[in-house]
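Student: Letter by letter, the sequence shown follows residues 305 to 633 of the working numbering.
Just so it is clear, CB atoms sit at the ideal spot from N, CA and C, and this is done for glycine as well.
Owing to the predicted nature of the structure, the values given are computational and were not obtained by experimental measurement.
Take a look at this one; I'll ask things after.
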Amino acid sequence: MKKILVLITLGVLIFSCQEKDSKRVLPNSVGAINTLSVVIDNNLWNGKVGDEIRDHFAAPVDGLPWEEPLFTIHQMPPEVFTDFARNSRNILYVAQDSSNVAAIKDDVYARPQKVAFIKGSTAESLIEAIKANSDEIISTFKKHDIKETQNRFKLSLNKENELKNKLGVSLTMPSVYKIVKEDHNFFWIERQIPKGTMNIIVYEMPKDYYPTDSTRVDQIIKMRDSIGKKYVPGRNPETMWMVTEKAYAPYIFDSNINGYEAIETKGMWEVKNFFMAGPFINYIVKDPINDRTLVLEGFTFAPSTDKRDYMFQLESILKTLKIEKKNTI
305 MKKILVLITL GVLIFSCQEK DSKRVLPNSV GAINTLSVVI DNNLWNGKVG DEIRDHFAAP
365 VDGLPWEEPL FTIHQMPPEV FTDFARNSRN ILYVAQDSSN VAAIKDDVYA RPQKVAFIKG
425 STAESLIEAI KANSDEIIST FKKHDIKETQ NRFKLSLNKE NELKNKLGVS LTMPSVYKIV
485 KEDHNFFWIE RQIPKGTMNI IVYEMPKDYY PTDSTRVDQI IKMRDSIGKK YVPGRNPETM
545 WMVTEKAYAP YIFDSNINGY EAIETKGMWE VKNFFMAGPF INYIVKDPIN DRTLVLEGFT
605 FAPSTDKRDY MFQLESILKT LKIEKKNTI
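Written out as C-alpha cells, the structure reads:
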C-alpha cells in the first residue's frame with residue numbers, strides 16, 4: 305500500500321513538474337500595440353478571404369480625423385510561421401481545412417498571447433466564419449492590448465496622489481504625465497509628445513447630470529463645451545476655448561469601466577476661433593460611492609501625425625479607473 309501511495313505521489317509530482325516546465329518554457333510574446341499577425345496562405349490572402357479579413361481587422365478606428373486601421377496587419381503564409389514568428393502577442397490563423405473551426409486560445413506559442421483560429425472547408429465557409437466571429441475576436445485582441453498597455457505603465461509609474469486625495473479617483477499612468485491645472489473639482493493632466501501633447505481631464509458633475517434620454521448627444525456636447533470654455537482656453541481665453549467640432553458627429557456607446565456604468569463618446573475637438581483640433585475619448589461615469597457623475601476625458605493634439613496609438617494609450621489609462629470615498633475635509 306505504501307509503495308502504491310509513493311508511486312501515486314511521485315506520478316503527481318512528475319506531472320506537476322512537467323506542467324510547470326511546459327509553462328516555463330514558453331517565450332515572452334512580442335509586438336507593438338495594435339499590431340496583428342495574420343497567418344494565411346498567400347492565395348487566400350490575395351483573394352476574397354483576405355478582403356474579408358481586411359474589411360474587419362483593418363477597418364477604420366472610430367473618432368479619428370483620418371482613416372487609421374484597427375490593427376497594423378503583418379501577413380505570413382503558414383510555411384514561414386515558425387520559431388520567432390510564433391511569438392506575436394495577437395495572432396489570427398486562417399486555413400482551408402476539412403473541418404470548420406472558430407476558436408480563441410491563450411498562450412499557445414508564447415505568453416501572454418491570444419491566438420484566434422478560423423478553419424473552413426471552402427473559401428466561402430471561411431468568409432462566413434470571419435463575418436460571424438470577427439467582432440468577438442477583435443474585442444478579445446483589443447482587451448488583450450489594453451491589458452498589455454496597462455502592464456507597461458508599471459515600468460515607470462506616476463505616483464502623484466492629488467487625484468485620489470481630492471477627488472477620490474485613481475488612474476494608473478506613466479510618470480511622463482504631469483498635472484498642469486487643478487481647480488477645485490477639475491484636473492488637467494498632460495504628456496509632452498514630439499509634435500504636441502496628450503491630455504487627460506477629470507472632473508465631477510452633479511448626480512442627476514448623467515444623460516439617459518434621446519437628447520444625450522446634445523447634453524454631452526453642451527457639457528464638454530461649457531467645461532472647455534471654463535478650463536481649456538486657447539491663446540486668447542476671451543474668444544478661444546476647446547469645443548466639440550460640429551463637422552464630425554460623435555460616436556456614442558453604452559459602456560462599463562471596472563464595474564461602473566458609463567457612456568463612452570468618441571469624436572473631434574477644436575479650439576473656437578483658432579486652427580487647432582484633434583480626437584477625444586470621453587467617459588461619463590455613474591459614481592454611486594460619492595453620489596455624483598464623474599467625467600474622464602482623453603484628447604490629443606498632434607498635427608500631421610497618426611493618432612491611433614496615442615488615443616489607445618489614453619483609453620487604456622482611463623480604463624484603470626478606481627473610485628473611493630472622496631475626502632470632504
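From this set, Ile593, Phe578, Thr609 and Glu619, which residue's C-alpha is nearest Thr586's C-alpha?
Tutor: Here the sequence assigns Asn to residue 586, which means Thr is not the residue at that position. It is Glu619 whose Cα lies nearest to the Cα of Asn586.
Student: By the three-class DSSP mapping on this structure, what secondary structure does Lys306 have?
Tutor: Caution applies to Lys306, whose pLDDT of 46 falls short of 50 and renders its modelled position unreliable; the model cannot decide the point.
Student: Whole angstroms is fine: what's the gap from Ile556's alpha carbon to Glu568's?
Tutor: Taking the straight line from one Cα to the other gives about 6 Å.
Student: To which residues of the same chain is Thr543 closer than 6 Å at the C-beta, ignoring the five residues directly before and after it?
Tutor: Result list for Thr543: Asn577, in chain order.
Student: Determine the direct distance from the alpha carbon of Ala363 to that of Leu348, and round the result to whole angstroms.
Tutor: Distance between the alpha carbons of Leu348 and Ala363: 19 Å.
Student: Name the residue from Thr519, Lys447 and Tyr535 whose alpha carbon lies nearest to the alpha carbon of Phe490.
Tutor: Selected option, being the one with the closest Cα: Tyr535.
Student: Identify whether Leu471 lies in helix, strand or coil by the three-state DSSP scheme.
Tutor: Helix.
Student: Do three or more CB pairs link the segment 415 to 432 to the segment 440 to 453 at distances below 8 Å?
Tutor: Yes, the segment 415 to 432 is in contact with the segment 440 to 453.
Student: Tell me, to the nearest whole angstrom, how far the beta carbon of Asn338 is from that of Thr376; I am working on the premise that it is less than 8 Å.
Tutor: Between Thr376 and Asn338 the Cβ distance is about 6 Å, and since that is below 8 Å, they are a contact.
Student: How close, in whole Å, do the beta carbons of Thr279 and Arg528 come, if the pair is a contact with beta carbons under 8 Å?
Tutor: The structure shown has nothing for residue 279, since the chain only spans 305 to 633.
Student: Cβ of Thr444 within 8 Å of Cβ of Ile408?
Tutor: Yes, the Cβ-Cβ distance between Thr444 and Ile408 is below 8 Å.
Student: Can you list, in chain order, the residues of its chain with a C-beta nearer than 7 Å to that of Thr632? Leave out the 5 residues immediately preceding and following it.
Tutor: No residues qualify anywhere along the chain.
Student: Give the straight-line distance between the Cα atoms of Pro373 and Asp449, rounded to the nearest whole angstrom.
Tutor: Approximately 15 Å between the Cα atoms of the pair.
Student: Output the boundary residues of the beta strand (DSSP E) element that contains Met544.
Tutor: From DSSP, Met544 is part of no beta strand (DSSP E); its letter is neither H nor E.
Student: Provide the residue span of the alpha helix (DSSP H) that contains Val342, from first to last.
Tutor: Careful: Val342 lies outside any alpha helix (DSSP H), inside the beta strand (DSSP E) at Thr339 to Val343.
Student: Taking C-alpha atoms, which residue in Lys629, Lys630, Glu628 and Lys623 lies nearest to Thr476?
Tutor: Nearest option by C-alpha distance: Lys623.
Student: So what's Phe388 in DSSP terms, helix, strand or just coil?
Tutor: Looking at Phe388 - three-state DSSP - the assignment turns out to be helix.
Student: With DSSP as the reference, label Pro331 as helix, strand or coil.
Tutor: Coil, per DSSP.
Student: Curious, which full-length beta strand (DSSP E) runs of at least 3 residues does the segment 442 to 526 contain?
Tutor: Correct list: 482 to 487, 490 to 497 and 500 to 510.
Student: Give me the DSSP bridge partner(s) of Thr632.
Tutor: According to DSSP, Thr632 bridges with nothing at all.
Student: Measure the CB-CB distance between Gln379 and Ile344 and report whether it falls below 8 Å.
Tutor: Going by C-beta atoms, Gln379 is nearer than 8 Å to Ile344.
Student: Using 8 Å for Cβ pairs, my map puts Leu471 next to Glu508. What's the rounded Cβ distance?
Tutor: Right, the Cβ-Cβ distance comes to about 7 Å (below 8 Å), so this counts as a contact.
Student: Give every residue of the same chain whose Cβ lies closer than 7 Å to the Cβ of Asp366, excluding the five residues on either side of it in the sequence, and list them in chain order.
Tutor: Contacts found: Tyr555 and Lys570.
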